[in-house]
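Be aware that the sequence shown starts at 855, since it is given in the working numbering, and climbs by one per residue. Every residue, glycine too, gets a C-beta built ideally from N, C-alpha and C. Report on the following structure.
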Amino acid sequence: MQVNGTDFVLYEVNDFEKAVDFYQNTLGLPLTWKEESFDWAEFDAQQTTIGVYNPQKAEGRAAVPGGMVFLAVNNVHDTLMELKEKGVTILFGPIDSPVCEMGGILDPFGNRVGIHHRKDGSVG
């Protein structure tokens, strides 16, 4: 498995608009993407992206309890298969979206780690 960087950190929130206001207006981070149909927003934090989402609107999507870091890789499917062969618990994925592919795993202590690839090839 080759990690190219950290693509984003994701936080679960129970008040989506309050979270967007905090990261955009209080912290001053540029809002780079917002999808209200499932309460997901992303903010540019320079070398990485901070994402927030409301799991109550995650119907049909993988819930991500708590927070997690998403590591950038070249191929999500291959990476998940490699990790599965090593005995790593796969939580979800691969999931394909218009802009990325992602999956989730557990470390030995139950912490969630995301595996991610942006279709435009960028990292961070």
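query: Residue nearest to His971 in terms of C-alpha spacing, selected from Thr933, Thr943 and Ala926; result: Ala926
query: Extent of the continuous alpha helix (DSSP H) to which Met935 belongs; result: Val930 to Glu939
query: Short Cβ contact (8 Å threshold) for Gly979 with Tyr865; result: Residue 979 lies beyond the range of the chain shown here (855 to 978); nothing can be said about it.
query: As assigned by DSSP and simplified to three states, the class of Phe862; result: strand
query: Under 8 Å between C-beta atoms of Trp981 and Tyr877; result: It is not possible to answer for residue 981, since the shown part of the chain is limited to 855 through 978.
query: Straight-line gap, Val867 to Gln910 (C-alpha atoms, nearest Å); result: 9 Å
query: Element boundaries [beta strand (DSSP E), containing Ala926]; result: Gly921 to Ala926
query: Buried or exposed (CB count within 10 angstroms, at least 16 for buried), Gly859; result: exposed
query: Beta strand (DSSP E) segment containing Ala895, residue limits; result: Trp894 to Asp898
query: Cβ neighbour criterion (16 or more within 10 Å) applied to Asp875; result: exposed
query: Thr886 versus Glu936: straight-line alpha-carbon distance, rounded; result: 32 Å
query: Span separating the alpha-carbon of Val953 from that of Lys973; result: 6 Å
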